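Input: a single structure, listed below in structure tokens.
There are 4 protein chains.
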Amino acid sequence: MPAQIQLSECSYGKTSVRLVKVERYGGRPEMKDLTVAIQAFGTFASAYADGDNRLVLPTDTMKNTVYALAREAPIDEIEKFGMRLAHHFLGRNSHLTRVRVSISESIWQKLGSNGTPKDSFQLSGPERRTLIVDSNRSGSSIEAGIKDLFVLKTSRSSFADFLKDEYTTLKETQDRLLSLRVNARWSYKAFGQDEETPWTQIRDTLLDVFAAHDSRSVQHTLFAMGEAVLERFACVEEIKLSMANRHCLLVDLTPFKLENPSEVFVPVEEPSGLIEAVLKRSSP
Amino acid sequence: MPAQIQLSECSYGKTSVRLVKVERYGGRPEMKDLTVAIQAFGTFASAYADGDNRLVLPTDTMKNTVYALAREAPIDEIEKFGMRLAHHFLGRNSHLTRVRVSISESIWQKLGSNGTPKDSFQLSGPERRTLIVDSNRSGSSIEAGIKDLFVLKTSRSSFADFLKDEYTTLKETQDRLLSLRVNARWSYKAFGQDEETPWTQIRDTLLDVFAAHDSRSVQHTLFAMGEAVLERFACVEEIKLSMANRHCLLVDLTPFKLENPSEVFVPVEEPSGLIEAVLKRSSP
Amino acid sequence: MPAQIQLSECSYGKTSVRLVKVERYGGRPEMKDLTVAIQAFGTFASAYADGDNRLVLPTDTMKNTVYALAREAPIDEIEKFGMRLAHHFLGRNSHLTRVRVSISESIWQKLGSNGTPKDSFQLSGPERRTLIVDSNRSGSSIEAGIKDLFVLKTSRSSFADFLKDEYTTLKETQDRLLSLRVNARWSYKAFGQDEETPWTQIRDTLLDVFAAHDSRSVQHTLFAMGEAVLERFACVEEIKLSMANRHCLLVDLTPFKLENPSEVFVPVEEPSGLIEAVLKRSSP
Amino acid sequence: MPAQIQLSECSYGKTSVRLVKVERYGGRPEMKDLTVAIQAFGTFASAYADGDNRLVLPTDTMKNTVYALAREAPIDEIEKFGMRLAHHFLGRNSHLTRVRVSISESIWQKLGSNGTPKDSFQLSGPERRTLIVDSNRSGSSIEAGIKDLFVLKTSRSSFADFLKDEYTTLKETQDRLLSLRVNARWSYKAFGQDEETPWTQIRDTLLDVFAAHDSRSVQHTLFAMGEAVLERFACVEEIKLSMANRHCLLVDLTPFKLENPSEVFVPVEEPSGLIEAVLKRSSP
């Protein structure tokens with residue numbers, strides 16, 4: 001009996017909308033390289049159940065809107081562009097209850113030495129700056145972030161005194177390589193529209209604490225990194241850190257009559273540890 | 001003031017644990033090719049805040065456990081193996097509150113014609129069979145699924161009568177190519193431990209309905225596919241479908257004085273539509 | 001002294017031209033899903049050295065040509081489409097000395113059971129059918145092939161009596177898992193334009209011999225597979241096989257007081273063995 | 001008649017050998033992150049045809065050798081490590097006629113500000129430093145290189161006055177975005193074992209010329225970049241440049257009553273232009 005079956009959730013949108021915007025300020029252009037996704041939630045049940053498209057704004061229109069809004073004003077920080085997009089769709093479409101805008105920004109650095117025009121760029125780093133705006137009729141949540149920051153400690157990383165059971169073969173160590181792929185997302189407290197967000201400073205804090213920390217575990221380093229962000233940036237309300245431990249295994253060279261005093265490692269992509277946590281300030 | 005900062009969520013585990021198991025029944029061996037992830041939730045706060053590892057079972061031990069449990073009994077369906085793993089970790093570790101086991105199975109088909117030993121296999125299809133078991137002290141939820149099922153309709157797919165705004169340029173069409181990457185996840189109602197799950201039949205149902213449906217939109221086809229699964233399989237409680245629309249654009253050949261009556265298309269990977277929904281039976 | 005510097009080789013073209021063609025024969029449409037690359041060689045030196053584009057046919061035009069030629073006649077086998085493309089560019093452009101056309105075909109199988117229209121398809125298998133046509137003013141070479149055929153033997157695979165040196169730790173084995181990613185390319189002797197090529201039969205031969213062979217090494221199995229193709233298909237002149245050995249390591253379960261009689265393996269993607277050879281008939 | 005079939009080429013080896021080496025100089029460790037491939041050529045015919053492994057040094061031994069040789073001496077530049085590996089295999093195995101060693105180096109930069117130990121690193125850039133050593137009994141060729149250097153010009157890039165045919169629709173432009181993925185490989189003339197190679201300076205030259213050049217085509221910019229390397233580095237004998245043109249298409253915003261004066265672009269990954277050339281000095 002088909003009538004018994006219903007939608008309990010539904011959404012649709014456009015992902016991987018690629019956008020390069022060049023903002024030309026005389027001979028010193030700036031560029032943005034963004035990948036945008038829009039997901040819309042609302043009263044679409046008849047589109048699904050009956051094929052009635054009258055409330056379905058095409059995902060192709062969502063894509064066009066990204067390009068048109070990119071043209072109509074400077075992109076500025078992705079936080080502002082993401083908010084403009086979310087407000088646009090909610091403001092124009094009363095049948096939408098919620099819009100989620102996700103942006104991933106590739107970071108380019110300017111090329112050109114003395115005398116050369118400063119209009120060329122080089123892609124720098126595997127890491128991306130990220131944003132998720134989730135807006136409904138009551139307000140918006142904003143999560144800024146970093147994706148794919150790869151870091152490695154060559155000393156001051158131990159892992160010992162851990163729980164053991166009958167399947168434990170790992171040796172305790174005072175001196176292992178620690179190689180992490182770090183993803184971070186954080187939310188800001190009430191934040192002035194005209195202020196610049198401290199994205200670069202938060203990134204630097206994560207790197208500084210990673211470099212300075214005497215690590216007893218990934219968990220331990222993760223907490224120190226998140227804690228420092230909350231301590232130094234009063235505007236950050238909460239931070240989620242997700243760290244993949246890309247194990248670097250010490251190679252056993254004894255069959256070849258060689259010692260290996262923490263020198264030669266084989267990094268393995270699979271399997272990988274995955275350590276996650278959300279940190280926030282405790283309620284007073 | 002560091003004392004103010006606390007964990008609001010935390011978990012850790014091992015991802016991408018690769019396992020091939022050969023179960024040898026005389027000259028007719030069977031094989032399983034699984035990728036397993038274990039994520040543990042519990043009272044680990046001191047590991048993060050203080051570097052106290054006494055309640056941290058190493059992720060390396062989790063990996064070992066996957067291999068040991070794979071050896072101790074036949075894998076059978078991944079639902080059963082996933083449950084065994086979840087119960088193992090919860091049962092042995094009173095400080096854990098929750099364990100999530102995710103499995104992705106690659107599907108191999110047996111090779112060998114008349115007279116040849118039937119002990120060789122070929123990887124068949126990009127699609128994977130998936131499983132997520134999420135267990136806590138009150139019980140378990142199980143989601144079976146399919147990932148990366150690629151399907152394409154060459155006719156009987158329209159998209160018309162949709163909502164338009166000032167950014168809409170898409171033309172209405174009665175005859176477009178519909179190319180989808182389908183991911184599906186569904187949960188079973190109380191399910192006997194000894195019954196075999198109807199994974200293959202559900203997969204066939206999804207394909208059959210896709211092939212038969214006169215589509216007015218991805219949403220419309222998605223609903224028909226999910227609805228059929230719920231109608232035909234009383235044991236399925238809920239199904240989530242996530243469909244990426246891999247647009248196939250009709251190439252404009254008029255500059256070359258050629259018509260293109262729905263024949264020559266350029267498939268584009270980016271951007272992509274994303275249509276999602278959860279279907280279940282309505283409460284009586 | 002810039003004048004001293006010259007081009008010793010140059011070429012340009014378009015890669016990753018994606019094409020889906022639907023050929024409609026009443027209610028039984030056929031589809032082709034191709035990725036095409038065109039690379040042109042010729043007298044372009046002034047384009048490089050002086051920025052003189054007068055002999056540079058845009059790569060965008062090459063792309064357009066793929067779509068126009070796909071429309072003008074049935075694709076038929078990719079060998080024929082590839083030849084049409086190569087002849088087109090050489091025939092129209094007297095300044096070209098050589099054109100290389102590469103095609104990778106994704107394989108789809110028809111869906112639809114009794115009573116359902118047969119106009120929907122499912123992507124089958126990770127493997128691709130491939131083609132390289134390399135044409136110059138004297139003639140053309142054609143290499144047909146298969147890419148990413150994944151196969152696995154669960155028994156009758158040994159590796160023993162091998163060369164050892166001071167860095168050898170591998171144990172001899174009579175019973176290992178053999179998991180290969182097979183790429184093959186072969187050339188045909190003079191081949192009638194109207195005959196269908198035996199691509200499917202060659203693929204079946206490769207699979208049959210893999211399944212039947214008692215393997216002493218990847219090299220040994222590779223030779224048997226190539227030899228069978230040359231023996232069974234007089235039209236094949238030469239075959240190149242490239243096999244990646246995706247090592248499946250037997251897991252040591254003795255720390256857990258478990259035997260592991262060739263049952264539980266960890267497949268590793270890195271590092272990988274790579275075994276290659278070209279086979280042909282000896283001159284009489 | 002199997003006897004008619006023979007090998008015309010054969011080789012085997014190990015690919016994707018992952019190595020991280022930490023060289024510890026007090027509190028200022030240095031690290032190398034390499035992916036190594038070894039391919040051996042020689043008189044192996046009986047291994048293929050007869051399954052006779054007596055001249056087959058296992059690929060597992062090749063992997064072990066990479067780790068042992070990495071330990072026995074500092075890695076120094078990858079050119080030196082690659083040569084040591086090639087000489088090792090040729091010197092120990094008289095049945096080998098040729099050995100090819102390929103190395104891809106990921107580049108990490110040191111972290112740590114004032115007062116912090118300088119023992120942590122961050123992965124910098126998608127680009128890799130590469131090496132191919134190809135050695136036989138007569139000598140060695142060495143190709144150093146860069147892979148995946150992504151660059152983009154926002155002005156001073158035109159493409160006009162090109163060849164047109166009936167399939168040409170591309171408009172001439174004086175002002176397009178030029179986005180390239182650059183791969184480069186070059187060989188050195190007789191090079192002192194103790195000298196440091198000018199890899200960093202060659203990379204800087206490629207970037208500087210890209211930034212300075214007024215481009216009439218990818219070909220034109222490619223030549224200027226290669227020419228500058230040959231002019232500035234007498235030790236470079238030949239340079240091969242391979243450039244993928246990642247097209248950035250100007251978005252047509254006229255349907256939305258917006259101009260788009262070279263500001264809003266959609267970057268497309270497929271299809272892509274591919275421009276290649278080898279440059280060397282002309283013989284006197």
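Residue numbers (our numbering), protein chains in the order written: chain A, 1 to 284; chain B, 1 to 284; chain C, 1 to 284; chain D, 1 to 284.
Idealized CB from N, CA, C, for every residue including glycine.
Please read all numbers here as calculations on a predicted model, not as lab measurements.
- Looking at A:Ser120, A:Gln122, A:Asp134, A:Glu77, the one whose alpha-carbon comes closest to that of Arg98 (chain A) is A:Asp134.
- In the DSSP assignment, no residue is bridged to Tyr167 (chain C).
- The C-alpha of Ala68 (chain A) lies about 29 Å from the C-alpha of His220 (chain B).
- At least 8 Å separates the beta-carbon of Leu55 (chain B) from that of Thr65 (chain B).
- Within 10 angstroms of the beta-carbon of Tyr25 (chain A) lie fewer than 16 other beta-carbons, which makes it exposed.
- Note on geometry: alpha-carbon atoms of Arg203 (chain C) and Arg246 (chain C) lie some 20 Å from one another.
- With fewer than 16 other CB atoms across the displayed protein chains lying within 10 angstroms of its CB, Thr254 (chain D) is exposed.
- Boundaries of the alpha helix (DSSP H) harbouring Arg203 (chain A): 199 to 212, taken from the DSSP string.
- The Cβ atoms of Ala224 (chain D) and Leu111 (chain A) do not sit closer than 8 Å to each other.
- Every beta strand (DSSP E) of 3 residues or more that sits fully in the stretch 9 to 56 of chain D is shown, in chain order, as 30 to 42.
- Leaving aside the five residues that flank His87 (chain D) on each side, the residues in its chain whose CB is nearer than 8 Å to its CB run, in chain order, Ser135.
- Beta-bridge analysis with DSSP links Leu123 (chain C) to C:Trp108.
- The stretch 265 to 280 of chain B and the stretch 13 to 32 of chain A touch, with three or more beta-carbon pairs separated by less than 8 Å.
- Close to chain C, meaning a Cβ-Cβ distance shorter than 7 Å, are the following residues of the stretch 261 to 273 of chain A: Glu269, Glu270.
- Looking at the backbone, the Cα of Gln109 (chain A) and that of Ala234 (chain D) are separated by about 30 Å.
- Arg137 (chain A) sits exposed, since fewer than 16 C-beta atoms from the chains shown fall within 10 Å of its C-beta.
- Neighbours of Thr169 (chain C) across chain A, judged by C-beta separation under 8 Å: Pro255.
- Cβ-Cβ distances below 6 Å link Asp175 (chain A) to Ser262 in the same chain, with the five nearest sequence neighbours on each side left out; the list follows chain order.
- Exposed is the label assigned to Arg92 (chain C), since fewer than 16 other Cβ atoms lie within 10 Å of its Cβ.
- Counting only Cβ-Cβ distances below 8 Å, Arg128 (chain D) has no contacts in chain A at all, with the closest Cβ about 11 Å away.
- Interface annotation, Leu177 (chain A): in contact with chain D, CB-CB separation under 8 Å.
- Rounded to whole angstroms, the separation of the alpha carbons of Phe256 (chain D) and Lys240 (chain A) is 39 Å.
- In the three-state reduction of the DSSP assignment, Gln219 (chain B) falls in the helix class.
- Taking Lys153 (chain C) as reference, the option from C:Glu195, C:Gly145, C:Val209, C:Lys171 with the minimal CA-CA separation is C:Val209.
- Neighbours of Glu166 (chain D) in chain B, taken as residues whose beta carbon is under 8 Å from its own, are Phe256 in chain order.
- Inter-residue distance for Gly226 (chain A) and Ser187 (chain A) is about 12 Å (C-alpha atoms, whole angstroms).
- Counting other Cβ atoms within 10 Å of its Cβ, Ala40 (chain B) reaches 16 or more and is therefore classed as buried.
- Distances from the CA of Glu166 (chain C) to each of D:Thr61, D:Asp33, D:Asp194, D:Glu237 were compared; the closest alpha carbon is that of D:Thr61.
- Within chain D, the C-beta atoms nearer than 8 Å to that of Phe223 (chain C) come from Leu7, Tyr48, Ala49, in chain order.
- Under the DSSP definition of a beta bridge, Phe265 (chain D) partners with A:Val20, D:Leu250.
- With contacts defined by Cβ atoms closer than 8 Å, Lys280 (chain C) and Gln6 (chain D) form a contacting pair.
- Nearest to Gly145 (chain B) by alpha-carbon distance, out of B:Glu172, B:Arg185, B:Leu249, is B:Arg185.
- Looking at C:Leu131, C:Ser155, C:Ile103, the one whose alpha-carbon comes closest to that of Cys248 (chain C) is C:Ser155.
- By the 16-neighbour rule on beta-carbons within 10 angstroms, His213 (chain D) is buried.
- In the DSSP assignment, Asn64 (chain B) falls within the alpha helix (DSSP H) that extends over 59 to 72.
- Counting along the chain, the unbroken beta strand (DSSP E) around Phe150 (chain A) starts and ends at 139 to 153.
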